[in-house]
Structure formats: structure tokens, C-alpha cells
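In this note's numbering, the protein residues as written are 9 to 210.
Glycine included, each C-beta is placed from N, C-alpha and C at the ideal position.
Structure first, commentary second.
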Amino acid sequence: MKLYFSPGACSLAPHIVVREAGLDVALDKITFGEQRTTEGGLDFYGINPQGSVPTLELDDGSVLTENAAVLQYLAAQAPNADLAPPSGMAHWRLLETLNFIATELHKGFSPLFHKPSAETREAIVKQLLNRLALLQGKLGDKQFLVGDHFTIADAYAFVVLRWAHRFGLDLSSLPRLTAYFERLSARPAVQAALQEEGLPPS
Numbered sequence: 009m010k011l012y013f014s015p016g017a018c019s020l021a022p023h024i025v026v027r028e029a030g031l032d033v034a035l036d037k038i039t040f041g042e043q044r045t046t047e048g049g050l051d052f053y054g055i056n057p058q059g060s061v062p063t064l065e066l067d068d069g070s071v072l073t074e075n076a077a078v079l080q081y082l083a084a085q086a087p088n089a090d091l092a093p094p095s096g097m098a099h100w101r102l103l104e105t106l107n108f109i110a111t112e113l114h115k116g117f118s119p120l121f122h123k124p125s126a127e128t129r130e131a132i133v134k135q136l137l138n139r140l141a142l143l144q145g146k147l148g149d150k151q152f153l154v155g156d157h158f159t160i161a162d163a164y165a166f167v168v169l170r171w172a173h174r175f176g177l178d179l180s181s182l183p184r185l186t187a188y189f190e191r192l193s194a195r196p197a198v199q200a201a202l203q204e205e206g207l208p209p210s
């Protein structure tokens with residue numbers, strides 16, 4: 009398998025999962041600009057017409073896209089790593105959490121990457137802080153979002169929380185979420201993925 013990624017993008021989540029699961033997955037960094045190219049100089053749109061990361065190329069040459077799908081596929085390749093509960097209510101809570109992160113947080117952060125006006129930014133940040141408070145509510149007093157151990161939902165949450173720090177959101181009113189982010193940051197798989205992508209430790 010090969011994971012096409014961009015440093016610090018949402019593709020960091022499956023990269024972390026690859027490290028957590030110990031999967032043998034090649035990495036290919038995409039250059040974003042007027043054109044989008046692979047490390048080998050190929051037109052990335054020829055691989056994924058959306059031009060988006062993460063993109064996972066499977067061993068049969070087919071391609072899987074969309075973060076929630078890629079995360080679940082990777083987890084299924086390493087069932088012993090227990091990164092995604094396969095059944096029961098925990099399975100549905102995992103899907104609920106993945107979809108919440110994708111639609112309410114990931115999508116919510118997207119406008120900040122395009123340098124909105126100060127007024128627009130203020131409205132975006134207010135909405136994001138509201139959604140992050142909901143995420144803290146989902147976390148509650150637990151160490152992880154779903155169940156009692158690390159899952160793919162935590163990998164995805166780490167990425168959006170990292171973006172919150174990148175864009176200078178004030179998370180002082182969310183102490184449990186801040187402590188959670190610090191715990192995730194200390195995981196060896198997270199540190200390995202950050203280093204591989206040339207990113208500073210969180």
C-alpha cells in the first residue's frame with residue numbers, strides 16, 4: 009500500500025494509524041501548487057481526480073479516498089492493534105465520532121487555511137470553539153474518545169487539535185481537551201509521524 013500525504017494535513021491521521029498499527033505502507037508526499045505532483049513527479053490528479061489527501065493506493069492498484077474511510081480500512085488491516093471496535097455499540101460510537109470530526113471540525117477549519125478577513129475569521133473561530141467544546145463533552149473524563157484505549161478517532165482528533173494550536177485558538181476554557189491533546193502528542197507513533205513529515209513535536 010502507499011499513502012499519499014501532505015505534511016500536517018488531515019492525512020497525518022492515517023499516517024499516525026499506520027505507525028500505531030505497524031503496517032508496511034509506503035509514503036509519497038504530494039506537492040501542492042499550480043499543479044499537484046507526487047515525489048516522482050507524476051500528476052497527482054491522475055491518481056486521485058479530486059487531488060485530495062489522504063489517498064491510499066491499495067496493493068491491487070485501486071485507490072481509496074476520504075479520511076474516515078481510509079482510517080477504517082487501515083484499522084481493518086491490523087485487527088490485533090485494536091484501533092477500531094468491529095462491532096457492538098462501541099463501533100457505532102466510533103463512526104459517530106469520526107463523522108463529527110469530519111463534518112463539524114475538519115470542514116470547519118478549512119476556511120482558515122485560506123486567510124479569511126478578520127471579521128470572517130472571528131465568526132469561524134467562535135463556531136470552532138463551540139464544536140471543540142462538544143468534542144470535550146464527548147471525551148468527558150475518559151483518556152480517549154471511544155472506549156478505554158487509542159482508536160482511529162483519536163488520530164483524527166489529534167490533527168484538528170493541532171490545527172487549533174496552529175491557528176492560535178484559545179483553548180484555555182477547554183482544559184480536558186488540552187490535556188488530552190498533550191497525551192496524544194506524547195505517543196511514540198504520533199512523534200514518529202510528525203518527524204517523518206518534517207513537523208515539529210506538538
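Taking buried to mean at least 16 other C-beta atoms within 10 Å of its own C-beta, is A92 buried or exposed?
-> A92 is buried by the Cβ-count criterion.
Could you tell me the boundaries of the beta strand (DSSP E) in which V26 lies?
-> It is not in any beta strand (DSSP E) - V26 instead sits in the alpha helix (DSSP H) that spans 20-29.
When the Cα of A161 is compared with those of K146, H173, L35, I132, which residue comes out closest?
-> Comparing alpha carbon positions, the residue from K146, H173, L35, I132 closest to A161 is K146.
Environment of P196 [buried if 16+ CB atoms lie within 10 Å] = P196 is classed as exposed because its beta carbon has fewer than 16 other beta carbons within 10 Å across all chains shown.
Measure the alpha-carbon distance for S210 versus L179 and round it to whole angstroms.
-> Taking the straight line joining both Cα atoms gives about 15 Å.
Please report the Cβ distance between G116 and R139, rounded to the nearest whole angstrom; I am assuming they are in contact, meaning their Cβ atoms lie under 8 Å.
-> A Cβ-Cβ separation of about 6 Å places G116 in contact with R139 under the 8 Å criterion.
According to DSSP, residues forming a beta bridge with L72 = DSSP lists L64 as partners of L72.
So what does A34 bridge to, in DSSP terms?
-> Per DSSP, K10.
Is the CB-CB distance between P62 and A17 below 9 Å?
-> Yes, the Cβ-Cβ distance between P62 and A17 is below 9 Å.
Evaluate contact between the region 151-168 and the region 89-106, counting only Cβ atoms and requiring at least three cross-stretch pairs below 8 Å.
-> Yes, the region 151-168 touches the region 89-106.
Quick one: what does DSSP say T186 is sitting in, helix, strand or coil?
-> In the structure shown, T186 sits in a helix (DSSP, three-state: H, G or I).
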